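Protein chains in written order, with the numbering used here: chain A, 1488 to 2125; chain B, 249 to 368.
Beta carbons: idealized from backbone N, C-alpha and C, even for Gly.
No experiment lies behind these values; they were computed from the predicted model shown.
What follows is a single structure, written as C-alpha cells, with notes after it.
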C-alpha cells in the first residue's frame, strides 16, 4: 500500500520517490473521480421528490376555471411540464446506469404516477367524475341499510366492491367514502404498477425492459377506468391472478405435442412452440410443493370470486385471458378456464337474476355484431364540437401508438427468439369482447385497458439496451415518454370541462338534497350530474336523455316527469351539464340562456337556489297543471 | 428474533390493538388513517404467510388483493346472512389476522410445512 505502509528502513532512491509521487497523484485523481461519480449517482435521488414537490405545488395553485374544451391541459402551469421533463431525464439516467438501482427507479415511478394520475385531484377541490359520486351513493346505501337495490340500478346486482367499501368505511366510522374517492386513481395505479413490473420481468431476461415497460404503462393508461370503481379493483385483482399464473403455473408445451405440430408441417406452429419454450428461460416459473400449489390455487379462486361479485365485464376478460394461456400451453391449469366460466355462469344465473330477467336482449343482442360494436366504440365517439372531435382522435392515435410500439417490441423479441407468446395472447384476448357486445360503447376502451399491461411489457422490449447504444436508447425513451405524456393529458383529461365537479355544483346538490321533500322527483338537464351520492332511495332521480338535448333542451320532458309526482319536484341545471351538452352534443353557446328564458317564461318554476355554477328550480304548485311552453327561439352560432 | 418475526409480531400487535379503536367512539378520520391501511394489508399478509414460497416480492404483491378479496367475501357474507354490521366485520378481519400472524410468528422457529421444498 502506498502511503499507509510501514516506515521504510532505508531512504528511498529518487526514482522511487518520483514513482511514489506519481502513483499518489493518480490515486488522488481516481478518488476524486469516484467521489464525483458517487455524488452524481446520489444526486439522482433528489429528482423524484423535487419534481413531485414542484409539480404538486404548481398544480395546487392552478386555476380550475382555465380548464377548457381540451380539458385539464389548458390549466396546467408550465412548471409541471418542467418537472415532468426533469423526472423523465432522471429516469433515463437511472435506467442507463451500469448497475440498476431498483429503489431509485421505483421512486421515479411513484412520482410519475402522482403527477400524471393525481393532476386532477390537485387542481380541483372536489372529487371528479359524476359516476364516482354515484358509487359513493351505492356504498352509503349499503353501509346504512345492509341491503342492496338491484331493481334501482343494474350495478347493484354486482355489489362486491360496494359492500366491501361500505364495510371498511362504516367500520371506521365514515358515513360515506368521499374521502377516498379523490386519490383512488393514484392508489389503483400504484398497485397495478407492481404487477405490471412483475409480468414484464417474468417474460424477459433484460433487467431494464421491465422498468421501461412499467414507466410507459403510466402515461399509456389514459382510459380513466381507475376512478373509485369496481372495475379498478377488478383490474388490480386480475393482474395479480396473471402474476400468480405466470410465476407458478406457467407451462412448457410437452415434446409430444411439438412433434405432432411438426408432423403437421406448419412452420408457424413450430415457431410458436419454440418461442413458447424459450420464454420460460428467465426463470419465471417457480417450483412449489403440492400443498403450496393448492394454496395458490385457492388464492386464485378467491381473487376471481371477488371479481365476479364486483363487476360484470372483468370476469369475462379473466376467463378469456386464462383460456388463451391454456390454449397455447402457457398455463398448466388446463381446467381452470372451465371452472372460472362455471363460477361466472352460476353467479349470473342465481345472484344477478334481477338484472338479466328482462334484459336478455341487452346481454346477447350484440352477439357477433362486430361491425356495429366497433362503430359504436370508435366512429360514434368522434362527435361533439370540433375540439372534442380532436380529443377523440388523439385517443385513437394514442391507442394505435401504444399498440404499434407493442407490436415493434413483439417483433424484436420474435427475431431474438425470445418473444413471449403468453404476452401476445394476454394482450389480444380482451379484444374478443367485441364479438359479444358493445357494452354501452365502451367495450373497446375496456379491452384496451385489460390489454395494456401486456402491451406495455412488449413496449419495454421495443428498445434493445446496450452500453454501446446509450444515446440511442436515451433518445428513444425520452421521445416515447414525451409523445405519450403529451397525449395523456389530452386523452385522459380531455373531458375535464364537464367531468370535474365545481364547488358551486356540489353546494347546489347538497342544498337540493336538504330542501327537497322525501319522495319528490329531481330532474337534471342531462346525466352528467354528481348527485345520488347520499340517500339514493329518498328521491326519484330523472335526467333528460341525450337525444332530447339538441338543438334545445326538451322542457316538456322535465315538466312531464315533475308533474307525475304529487309531491312535486325540482329541476337542476349545472355548468357541468351545460359543458357536457356543448362539448359532446355540439349545442350552441346560447343553449343555457335559452333554457333559463324558457323556464322563466313558462311560469311553472320558481328559482330556489342559484350560484355561479348551478341553478335549482322548484315546480310551482300551480305549475302542476297543464302549462303551455313558449316557442323556442332560434339558436345562436353552433 | 429475526426481522421477519419482528415484523409479523408488530403487525399482529397492531391488528389486535386496532380492535378497541374500531369499537370506541373516536374521531372517524383518525380511525380511518390507522385502521384502513391495516385492514387492506394484514389479512393478505396472514394468508400469504401460509405459502411456503421464499418470494418476498410476490407476498407484497398478493397482500393488498387478497385483503380486498377477503373484505368482499366478509361483506357479502354479512349481506347474504342478513347480519350486516360493518364494525363486527372489520373486527373479525382484524382479529383473525392478528391471531393468525401472532401464532405464525411464535411458531416460525419450527420448520414450516413444505419449507424444505420452498421455491426461490
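| Item | Value |
| --- | --- |
| Contact residues within the stretch 1778-1793 of chain A, judged by C-beta distance below 8 Å to chain B | 1778, 1779, 1782, 1783, 1786, 1789, 1790, 1792, 1793 |
| Proximal residues of chain A, C-beta to C-beta of residue 262 of chain B below 7 Å | Neighbours of residue 262 of chain B on chain A: none; closest Cβ ~15 Å, over 7 Å. |
| Own chain, CB closer than 7 Å to residue 1531 of chain A, minus 5 neighbours either side, in chain order | 1577, 1580, 1581, 1591 |
| Chain B contact for residue 1734 of chain A (CB, 8 Å cutoff) | yes |
| Which of helix, strand or coil DSSP assigns to residue 333 of chain B | coil |
| Beta-bridge pairing of residue 2027 of chain A - partner residues as DSSP gives them | A:2008 |
| Sequence-distant residues of its chain with Cβ nearer than 7 Å to residue 2036 of chain A (five each side left out) | 2013, 2068, 2072, 2074 |
| Chain-ordered chain B contacts of residue 1679 of chain A [CB-CB under 9 Å] | The premise fails here: residue 1679 of chain A is roughly 11 Å from chain B at the closest Cβ pair, so nothing lies under 9 Å. |
| For residue 2095 of chain A, the first and last residue of its enclosing alpha helix (DSSP H) | Run containing residue 2095 of chain A: none in the alpha helix (DSSP H); it sits in the beta strand (DSSP E), 2092-2098. |
| Within 9 Å of chain A by C-beta, residues of the stretch 297-322 of chain B in sequence order | 298, 299, 300, 301, 303, 305, 306, 308, 309, 310, 312, 313, 314, 316, 317, 318, 319, 320, 321, 322 |
| Three CB pairs or more closer than 8 Å across the stretch 1952-1965 of chain A and the stretch 1900-1919 of chain A | no |
| Delimiting residues of the alpha helix (DSSP H) encompassing residue 1502 of chain A | 1501-1530 |
| For residue 292 of chain B, the three-state DSSP class (helix, strand or coil) | helix |
| Chain-ordered chain A contacts of residue 270 of chain B [CB-CB under 8 Å] | 1658, 1659 |
| Terminal residues of the beta strand (DSSP E) in which residue 2104 of chain A lies | 2101-2106 |
| Within chain B, partners of residue 1796 of chain A - CB distance below 7 Å | 320, 324 |
| Range covered by the beta strand (DSSP E) that runs through residue 1647 of chain A | Counting along the chain, residue 1647 of chain A falls outside any beta strand (DSSP E), though it belongs to the alpha helix (DSSP H) covering 1647-1658. |
| Partners in chain A for residue 351 of chain B, counting only beta-carbon separations shorter than 7 Å | By Cβ distance, chain A contributes nothing, its closest Cβ being about 17 Å from residue 351 of chain B, past 7 Å. |
| Beta-ladder partner(s) of residue 2056 of chain A, from DSSP | A:2008 |
| Any chain A beta carbon closer than 8 Å to residue 254 of chain B | no |
| Sequence-distant residues of the same chain with beta carbon closer than 8 Å to residue 1723 of chain A, five excluded per side | 1675, 1678, 1679, 1682 |
| Bounding residues of the alpha helix (DSSP H) (the contiguous stretch that carries residue 1672 of chain A) | 1671-1688 |
| Minimum Cβ-Cβ distance from residue 1689 of chain A to chain B less than 8 Å | no |
| CB of residue 347 of chain B within 8 Å of CB of residue 1730 of chain A, strictly | no |
| Local Cβ density within 10 Å of residue 331 of chain B, reported as buried at 16 or more and exposed below that | exposed |
| Nearest candidate by alpha-carbon position, reference residue 1703 of chain A, set A:2103, A:2087, A:1624, A:1950 | A:1950 |
| Proximal residues of chain A, C-beta to C-beta of residue 338 of chain B below 9 Å | 1654, 1655, 1657, 1658, 1659 |
| Chain-ordered neighbours of residue 286 of chain B on chain A, where CB pairs are closer than 8 Å | Per Cβ cutoff of 8 Å: no residues; residue 286 of chain B is ~10 Å from chain A at best. |
| Contacting positions in the stretch 1535-1555 of chain A - beta carbon closer than 9 Å to chain B | none |
| Residue range of the alpha helix (DSSP H) that includes residue 1960 of chain A | 1957-1980 |
| Residue burial classification, residue 1521 of chain A (beta-carbon count within 10 angstroms, cutoff 16) | exposed |
| Neighbour-count burial assignment, residue 2081 of chain A, 16 or more Cβ in a 10 Å radius | buried |
| Cβ-Cβ separation, residue 1629 of chain A to residue 1635 of chain A (assumed contact under 8 Å), whole Å | 6 Å |
| Sufficient close CB pairs (3 or more, under 8 Å) joining the stretch 2047-2066 of chain A to the stretch 2004-2012 of chain A | yes |
| Residue of B:263, B:298, B:296 minimising C-alpha distance to residue 282 of chain B | B:263 |
| Residues near residue 352 of chain B by beta carbon distance below 7 Å, same chain, minus five either side | 256, 297 |
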